[in-house]
Structures are given as C-alpha cells and as structure tokens.
Amino acid sequence: MLPIKKYIFVDLDNTVYPVKSMGDQLFAPILSLIKNSGKHDATIDSIKRMLTRKPFQYVAQHFNFDDVLTTECLGILQNLTISETLKPFDDYVVLKNIPCKKILVTAGFTILQQSKIQQLGIENDFEAFYIIDHTKAHVTKKDIFETILQQKKLLPHEVLVIGDDANSEIAAAQALGIDAVLINKIEANFIPPQITTVQYFEELLPMFHWQLVDA
Ligand SMILES: [Mg+2]
C-alpha cells in the first residue's frame, strides 16, 4: 500500500523556480561589496554560485567573511526586492495540481522571499507560507515542520517534504520521520545515495496516494 499524503511541504528556491533566473543584477550590489572588501576566502565566482544555492549566512560563514562585510551585506539583502516577473519551472503546474494541500516553507530574507512569491504568482497555490528569516529568529526547517504537524494534527506519514537541499529540508524531514524527495533540477552537488531523487514533478505522482482534506 502506498502511503497517503494529505500535505506537501514545499521548498521555494531551486524547487519551485531556478534561482539563476533572477539574473545577476539581484546579487550585483553585494558581489561588488564582497569583491572590493577582499575580506573573504574565495573567488567571486564560487561565492556567487553558492549564493544561488544556500542562505547568505551560510555563505558568509563558509567563506569567512569578516563581521563588517557580513553586516554590510545583510543591510543590503534585508531590503532587497525582485521587480521583474519570475517564472516557475515548466512542470510546476504538475506539482500545483497534485490533489492535496501544500505549504511553502522557505529560508531567506522576509522581504526578498515575499517578493519572489509575488513575482512567481504562486500566492493561491499554498495554504500557508513560512519564511525562516535568520536575521529575525533562530528557528530551523525542522522546528517549522514540527510546528505545522502539531497545528494541523498531522502524522509524519501523512506528509511529504520536497526540496533541493539534502542538508536542509530533506534532512529535517528525515529527522522527523517524514518522507522526503529531493527535486534535482539544477544538478545538485553531492546527493547521498539513500535520498530519493526525481527530476520532474510527474515522477512524484505514482509514488504516493494523495488526499485532499479540509483545512
Ligand atoms: Mg532550495
């Protein structure tokens, strides 16, 4: 018997849309700050690459940004918004149409993540949105998943978590006994072999039974 899923907890960046599509201008102001400071351990290209995949705080720590540089970058990033329309992945409509409830759980800067959601036009596709902003609170995806399970009186086996980061949402789901599938659309770095991976949302359909429940 396939497990019955009532909810999908969905990651945003590189799961719903490719971060790369936001273009270089988004990160340009902080990249030039970083470049001019010289206070980091890596080439601008490797920093830029990680910025499209990981939260800024992780990148700053990984490349040893000093406190001044980190604070200056945070000042910019906290107020950044997207002004252009963003396009979800081509097969996002398949995910959207899966007959169960969906909740978006994303980590990043509140204003920036909100403007991405707006520019993607996905406000009506989710029952709720959670933005984990590490400049405001030190909660993790695991904390948020646990909170939602409690609030909605859901059991771990009634939920599916999807995302592109083995160390973030996928690890959080596994720690709570929630099924997780890694959406691998942008050729992720190393994916541990025990993680279920798909490239297209269609591949999720036969893996579970889906059930639409009342909120
Ligand atoms: Mg992601």
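Take any residue in the sequence shown, count from 1 to its spot, add 1006: that is its number in the numbering used here. The beta-carbon is built from N, C-alpha and C at its ideal position, and this holds for glycine as well.
Quiz prompt | Exercise answer, beta-carbon shell around ligand 1 heavy atoms below 6 Å | solution = 1017, 1019, 1020, 1021, 1169, 1170 and 1171
Quiz item: Taking C-alpha atoms, which residue in 1188, 1217 and 1214 lies nearest to residue 1203?
Solution: The residue with the shortest Cα to Cα distance from residue 1203 is 1188.
Exercise. Might you give, ordered along the chain, the residues of its own chain that have their beta carbon closer than 7 Å to the beta carbon of residue 1126, omitting 5 neighbours on each side?
Key: 1022, 1023, 1092 and 1094
Quiz item: For residue 1049, does the count of other Cβ atoms within 10 angstroms reach 16, so buried, or fall short, so exposed?
Solution: With fewer than 16 Cβ atoms within 10 Å of its Cβ, residue 1049 is classed as exposed.
Quiz item: What runs of the beta strand (DSSP E), each 3 residues or longer, lie entirely inside the region 1156-1216?
Solution: 1165-1169, 1185-1189 and 1202-1204
Quiz prompt | Which of helix, strand or coil DSSP assigns to residue 1080 | solution = helix
Self-check item: Enclosing alpha helix (DSSP H) for residue 1117 [first to last residue]
Solution: 1116-1126
Self-check item: residue 1132 to residue 1099 span [Cα, whole Å]
Solution: 13 Å
Quiz item: Taking all protein chains shown into account, do 16 or more other C-beta atoms lie within 10 angstroms of the C-beta of residue 1034, making it buried, or fewer, making it exposed?
Solution: exposed
Self-check item: contact_flag[the region 1080-1092, the region 1114-1121] where n(CB pairs < 8 Å) is 3 or more
Solution: yes
Practice problem: Using 10 angstroms around the beta-carbon of residue 1185, count the other beta-carbons present and answer buried if the total reaches 16, otherwise exposed. | Solution: buried
Self-check item: Uninterrupted alpha helix (DSSP H) stretches inside the region 1026-1072 (no shorter than 4 residues)
Solution: 1034-1043, 1050-1057 and 1062-1068
Practice problem: Go to residue 947, then tell me how far its beta strand (DSSP E) extends in each direction, as first and last residue. | Solution: No answer is possible for residue 947: the residues shown for the chain start at 1007 and end at 1221.
Quiz item: If you compare alpha carbons, which of 1134, 1156 and 1097 is closest to residue 1110?
Solution: 1134
Exercise. Taking only the alpha-carbon atoms, compute the straight-line gap between residue 1028 and residue 1036 and give it to the nearest angstrom.
Key: 15 Å
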